[in-house]
Amino acid sequence: MNSLFSQVANDKVLRTYLVRADAYMGKLGYTEHGIRHAGIVASGAMEVMSKLGYSEREAELAGVAGFLHDIGNAVSRENHSQVGAILASQLIRDLLLPEEMLDIMNAIGNHDEENGIPANPITAAVIISDKSDVHRERVRNLHTISFDIHDRVNYAVLNRDLIINPDRKEVILSLDVDTSSFEVVEYFEIFLSRMIMCKRAATVLGVSFKLLINNIQII
1 MNSLFSQVAN DKVLRTYLVR ADAYMGKLGY TEHGIRHAGI VASGAMEVMS
51 KLGYSEREAE LAGVAGFLHD IGNAVSRENH SQVGAILASQ LIRDLLLPEE
101 MLDIMNAIGN HDEENGIPAN PITAAVIISD KSDVHRERVR NLHTISFDIH
151 DRVNYAVLNR DLIINPDRKE VILSLDVDTS SFEVVEYFEI FLSRMIMCKR
201 AATVLGVSFK LLINNIQII
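Under UniProt numbering, read the sequence shown as residues 1 to 219, first letter to last.
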């Protein structure tokens with residue numbers, strides 16, 4: 001019998017929504033928000049939950065929420081979190097208990113830094129994993145790097161590692177960055193609100209959040 005996460009991640013209808021969402025985001029000039037990003041966020045959220053001692057089922061719910069967190073972009077970028085929460089409830093509620101569906105809706109509906117509030121562990125894990133996906137693979141158009149700060153910052157990240165250390169009660173986002181193509185201050189210009197949200201999410205999980213850039217602690 002396939003796991004809940006496998007059922008969701010391999011569902012053709014859900015994957016179609018994510019592919020369409022990514023295509024729409026591409027037309028708006030955003031970085032990659034498709035199957036790749038969904039998989040990374042899901043994997044990271046499950047790892048956070050598992051390593052911090054949550055149950056296998058809770059970790060799987062975080063994975064489902066992480067995989068579907070940007071599905072609302074298939075409809076609209078504005079309010080995509082809330083749209084995505086409602087959309088997901090229509091598409092997968094038959095697979096879940098009502099309280100599980102509500103946890104997933106809460107995580108999807110609160111993952112965006114503009115208005116999201118991490119109020120439970122599943123939401124917190126999705127937020128940390130989502131905001132940690134900074135990498136050059138997300139850049140669509142290399143010609144925009146010179147003038148688009150989001151593309152420039154993402155392209156400068158050569159490697160990213162989300163480290164969960166339950167013994168020290170900390171989650172670390174470690175980035176290997178090519179500083180010849182951007183200045184660290186540019187990272188904070190666009191990502192400060194996301195890092196603040198990660199710190200709040202970490203508090204919900206009972207841990208601290210740290211950011212390392214080239215092995216130097218920034219936060």
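Every residue, glycine too, gets a C-beta built ideally from N, C-alpha and C.
### Query
Can the beta-carbon of residue 85 be found less than 9 angstroms from the beta-carbon of residue 108?
Here residue 85 refers to the residue found at position 85 when the sequence shown is read from its first residue. Here residue 108 refers to the residue found at position 108 when the sequence shown is read from its first residue. Yes, they are a contact pair.
### Query
Do you know how far the Cα of residue 191 is from the Cα of residue 113?
Counting from 1 along the sequence shown, the entry for residue 113 is found at position 113. Counting from 1 along the sequence shown, the entry for residue 191 is found at position 191. For residue 113 and residue 191, the distance between alpha carbons rounds to 10 angstroms.
### Validate contact between the stretch 87 to 105 and the stretch 34 to 54 using beta carbons, cut 8 angstroms, 3 pairs
no
### Query
Between the stretch 122 to 142 and the stretch 159 to 177, are three or more C-beta pairs nearer than 8 angstroms?
yes
### Query
When you compare only the Cα positions, how much space is there between residue 77 and residue 3?
Numbered from its first residue, the sequence shown carries residue 77 at position 77. Numbered from its first residue, the sequence shown carries residue 3 at position 3. Cα to Cα, the separation comes out at about 30 angstroms.
### As assigned by DSSP and simplified to three states, the class of residue 182
Within the sequence shown, the letter at position 182 stands for residue 182. Correct three-state label for residue 182: coil.
### Query
Can you tell me the Cα-Cα spacing of residue 205 and residue 111, whole angstroms?
Sequence index remark: in the sequence shown, residue 205 carries index 205 (1-based). Sequence index remark: in the sequence shown, residue 111 carries index 111 (1-based). Going from the Cα of residue 205 to the Cα of residue 111 covers about 15 angstroms.
### Message
Any heavy atom of the ligand NAP closer than 8 angstroms to the beta-carbon of residue 125?
### Response
The ligand NAP is not part of the structure shown, which contains no ligands of any sort.
### Message
I need the boundaries of the beta strand (DSSP E) containing residue 149, first residue and last residue.
### Response
Counting from 1 along the sequence shown, the entry for residue 149 is found at position 149. Looking at the DSSP string, residue 149 is not in any beta strand (DSSP E); the run it does join, the alpha helix (DSSP H), is 149 to 156.
### Task
Tell me where the alpha helix (DSSP H) around residue 12 begins and ends.
In the sequence shown, residue 12 corresponds to position 12, counting from 1. First-last of the alpha helix (DSSP H) with residue 12: 12 to 27.
### Task
Measure the alpha-carbon distance for residue 57 versus residue 143 and round it to whole angstroms.
Here the question's residue 57 lines up with position 57 in the sequence shown. Here the question's residue 143 lines up with position 143 in the sequence shown. Between residue 57 and residue 143, the C-alpha separation is close to 43 angstroms.
### Message
Which residue marks the beginning of the beta strand (DSSP E) containing residue 210, and which one marks its end?
### Response
Your numbering for residue 210 matches position 210 in the sequence shown. Element bounds for residue 210: 208 to 213.
### Query
Do you know how far the Cα of residue 217 is from the Cα of residue 174?
By one-based count along the sequence shown, residue 174 stands at place 174. By one-based count along the sequence shown, residue 217 stands at place 217. Cα to Cα, residue 174 sits roughly 9 angstroms from residue 217.
### Task
Report buried or exposed for residue 203, applying the criterion of at least 16 other Cβ atoms within 10 angstroms of its Cβ.
Against the sequence shown, residue 203 aligns to sequence position 203. Its Cβ having fewer than 16 others within 10 Å, residue 203 is exposed.
### Query
Are the beta-carbon atoms belonging to residue 34 and residue 18 less than 9 angstroms from one another?
Along the sequence shown, read from residue 1 onward, the residue named residue 34 stands at position 34. Along the sequence shown, read from residue 1 onward, the residue named residue 18 stands at position 18. Yes. Within cutoff.
### Task
Could you tell me which residues DSSP puts in a beta bridge with residue 217?
The count along the sequence shown starts at 1 and reaches residue 217 at position 217. DSSP output for residue 217 lists 212 as bridge partner(s).
### Query
Where DSSP assigns a beta bridge to residue 175, which residues make up the other side?
Taking the first residue of the sequence shown as position 1, residue 175 is located at position 175. In the DSSP output, where bridge partners are listed per residue, residue 175 has 160 and 213.
### Query
Could you give the uninterrupted runs of the alpha helix (DSSP H) lying entirely in the stretch 47 to 101, keeping only those of 4 residues or more?
56 to 68 and 80 to 92
### Query
Using the beta-carbon count (16 or more within 10 Å), is residue 138 buried or exposed?
Taking the sequence shown and counting its residues from 1, one reaches residue 138 at position 138. Answer is buried; the Cβ neighbour count reaches 16.
### Message
Taking the beta carbon of residue 31 as the centre, do at least 16 other beta carbons fall within 10 Å, making it buried, or is it exposed?
### Response
Mapped onto the sequence shown, residue 31 falls at position 31. Buried, by the Cβ-count rule.
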